[in-house]
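Residues are numbered in my numbering as their position in the sequence shown, beginning at 1, plus a constant of 144. Encoded as structure tokens, the structure appears first; notes follow it.
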Amino acid sequence: MSLSVLADENIPAVEHYLGEMASVRYFSGRHLDAAELSGVDALLVRSVTPVDRRLLADSGVRFVGTATSGFDHVDRRWLADADIAFAHAPGSNANAVVEYVLAATAVLDDFLERLLQGGRCGVVGFGHVGASLVRRLQALGIDYRVFDPWLDQAQVPRGADLDEVLSCDVVSLHCELTRDAPWPSEHLLGTAELRRMRGDSLLINASRGAVVHNTALLRHLQQGAGPTVVLDVWEGEPDINRDLLQQVALGTAHIAGYSSDGKVLATRMICSALAACLGLPEPTVDSPLEAPAELHLAGEGGAALLRRLLCGRYDILRDDALLRGALLAAGRVEARERFDDLRRDYAGRRELAATTVRGDVADEADIERVRALGCRYRRPGEPA
């Protein structure tokens with residue numbers, strides 16, 4: 145008898161990995177009713193679906209998997225008390241988020257040039273995404289400082305206190321959302337912290353919306369104070385503060401972690417966890433994605449080369465315009481739907497880490513910059 149699996153429609157190829165072990169059907173993101181769980185053994189969700197006692201109390205679900213790195217939408221304590229197994233996909237979105245962060249520095253003023261010419265990047269959180277960002281910064285020769293009070297400090301390279309990190313040219317947030325003492329990350333950055341940031345710096349939040357106190361941020365920006373702000377995540381999303389959207393330099397619809405490569409990796413991770421928890425054979429491991437994508441370059445070096453690479457995959461200016469156009473003239477219900485639509489539209493993006501770059505670049509140093517972003521490089525005439 146096969147396993148009954150109910151999965152979010154934005155989790156690709158579950159049936160590809162589970163094969164004959166499972167009967168798979170799909171539901172639409174936010175719209176999940178407890179009645180749909182009748183006869184379901186395993187529930188696979190993304191971050192838009194809250195999972196708690198109200199949803200699962202009367203079900204026979206034995207396993208919950210979220211195809212995301214974060215899991216603040218899942219009541220893990222209740223799952224443990226109910227003896228329901230749980231798994232997530234840590235690090236599956238790391239490449240996509242890091243590439244988004246670097247792309248944001250590339251399209252705003254001269255932040256990328258400042259980093260490459262001796263500036264410093266502050267990283268808050270040294271989990272999968274923060275560590276991946278640090279590896280890219282190291283490969284590009286960019287100085288950095290890391291604040292992570294949730295880890296043993298021996299594990300944190302170039303560890304610093306929050307004030308030192310907030311003094312950097314670029315500050316990027318990559319911590320889980322937690323309310324636990326002694327270092328709750330909810331509202332980690334409020335009025336006092338924003339005032340301590342340099343007016344000419346850049347703040348990027350691609351973690352969870354509530355890590356930054358959105359009301360405090362709005363007041364701060366309305367007073368004409370810096371830093372320049374990029375928000376991919378929002379408190380209360382998909383209901384976002386439209387006044388705040390109008391104040392930030394760039395706003396996107398929680399898309400930083402979205403890519404077809406990351407989604408397939410997350411699916412494989414939670415399907416493997418499902419099989420292990422329920423004593424099933426290890427799932428298929430080959431990827432259903434097509435061959436790696438390609439980009440063509442010629443002749444530009446340094447920051448210009450990196451900008452072409454990053455903006456060839458991440459058109460954040462377009463994404464910002466789409467969010468503003470979708471939300472600022474819409475009613476509340478329509479705005480929620482449009483926010484979700486923008487996320488779905490972005491899910492087919494290929495990562496730079498799954499990209500082959502072809503063409504002539506300036507010199508060997510530039511080839512190393514290409515590789516530092518995780519790309520493969522192929523010279524003209526070199527066979528695939």
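Even glycine gets a Cβ: it sits at the ideal position worked out from N, Cα and C. Every value quoted in this text rests on a predicted model; they were computed, and no experiment measured them.
May I ask you to report which of helix, strand or coil DSSP gives residue i?
| i | result |
| --- | --- |
| ALA498 | helix |
| ARG280 | helix |
| GLU153 | coil |
| LEU176 | coil |
| SER203 | coil |
| ASP287 | strand |
| VAL192 | coil |
| ASP463 | helix |
| LEU424 | coil |
| ALA272 | Reading off the sequence shown, one finds His at residue 272, where the question assumed Ala. Three-state DSSP puts HIS272 in a helix. |
| ARG126 | Outside the shown range of the chain (145 to 528) lies residue 126, about which nothing can therefore be said. |
| GLY503 | strand |
| GLY395 | strand |
| ARG264 | strand |
| ALA470 | helix |
| LEU533 | Because residue 533 is not part of the residues shown, which for the chain are 145 to 528, the question remains open. |
| ALA437 | strand |
Spatial neighbours of residue i within its chain, please: C-beta separation below 7 Å, excluding the five flanking residues on both sides.
| i | result |
| --- | --- |
| GLN391 | LEU362, LEU365, GLN366 |
| LEU310 | GLY266, GLU337, ARG340, MET341 |
| ARG480 | PRO382, ASP383 |
| LEU466 | LEU486 |
| ASP344 | GLY370 |
| VAL251 | CYS455, ILE460, LEU461 |
| PRO328 | THR322 |
| ARG513 | LEU284, LEU449, LEU450 |
| ALA248 | ILE348, VAL374, LEU394, ILE460 |
| LEU132 | No answer is possible for residue 132: the residues shown for the chain start at 145 and end at 528. |
| ALA474 | ARG482 |
Go to residue i, then tell me how far its alpha helix (DSSP H) extends in each direction, as first and last residue.
| i | result |
| --- | --- |
| CYS455 | 446-457 |
| THR249 | 238-251 |
| LEU389 | 386-391 |
| PHE255 | 255-260 |
| VAL514 | 508-516 |
| SER404 | 404-421 |
| VAL158 | 158-162 |
| ALA224 | 220-225 |
| LEU375 | That residue, LEU375, is in no alpha helix (DSSP H); its beta strand (DSSP E) goes 372-375. |
| LEU310 | 306-310 |
Quick one: give me the first and last residue of the beta strand (DSSP E) that residue i is part of.
| i | result |
| --- | --- |
| TYR490 | It is not in any beta strand (DSSP E) - TYR490 instead sits in the alpha helix (DSSP H) that spans 476-490. |
| ALA186 | 186-189 |
| ARG522 | 520-522 |
| LEU317 | 314-317 |
| VAL168 | 166-171 |
| PHE215 | Where PHE215 is concerned, there is no enclosing beta strand (DSSP E), given that its DSSP letter is neither H nor E. |
| ALA229 | 229-231 |
Sorted by chain position, which residues of the same chain lie with C-beta nearer than 8 Å to residue i's C-beta, five sequence neighbours on each side aside?
| i | result |
| --- | --- |
| PRO524 | ARG502, GLY503, ASP504 |
| ARG476 | ASP383 |
| SER146 | GLU164, MET165, ALA166, SER167 |
| ASP511 | Correcting the residue type first, residue 511 is Ile in the shown sequence and not Asp. Cβ within range, chain order: VAL505, TYR521. |
| THR500 | PRO436, ALA437, GLU438, LEU439, CYS519, ARG520, TYR521, ARG522, ALA528 |
Tell me which same chain residues have a C-beta within less than 6 Å of the C-beta of residue i, skipping the five on either side of it?
| i | result |
| --- | --- |
| VAL149 | ALA166, VAL168, ALA186 |
| PHE529 | Residue coverage of the chain in this structure runs from 145 to 528, which leaves residue 529 outside it and unanswerable. |
| THR193 | LEU176 |
| VAL184 | SER148, LEU150, VAL205 |
| ASP292 | GLY269, PHE270, VAL300 |
| GLY518 | LEU496, ALA497 |
| ASN239 | GLU495, ALA497 |
On the premise that residue j lies in contact with residue i, defined as a C-beta separation below 8 Å, what is that separation, rounded to the nearest angstrom?
| i | j | result |
| --- | --- | --- |
| LEU496 | ARG457 | 5 Å |
| CYS415 | TYR161 | 4 Å |
| PRO234 | HIS272 | 5 Å |
| PRO156 | VAL408 | 6 Å |
| ASP459 | THR396 | With 8 Å as the limit, ASP459 and THR396 do not qualify as a contact, their Cβ atoms being about 10 Å apart. |
| THR210 | ARG190 | 7 Å |
| ARG386 | LEU471 | 6 Å |
| PHE255 | VAL314 | 6 Å |
| HIS357 | HIS331 | 4 Å |
| GLY446 | VAL241 | Not really, about 24 Å apart at Cβ, beyond 8 Å. |
| LEU277 | SER316 | 6 Å |
| ARG279 | VAL290 | Contact doesn't hold; Cβ gap of about 12 Å is too wide. |
Does at least one heavy atom of the ligand FAD sit under 7 Å from the Cβ of residue i?
| i | result |
| --- | --- |
| ALA369 | Annotation note on the ligand FAD: not contained in the displayed structure, which lists no ligands. |
At 3 residues or longer, what runs of the beta strand (DSSP E) sit wholly inside the segment 328-367?
346-349, all fully within the segment 328-367.
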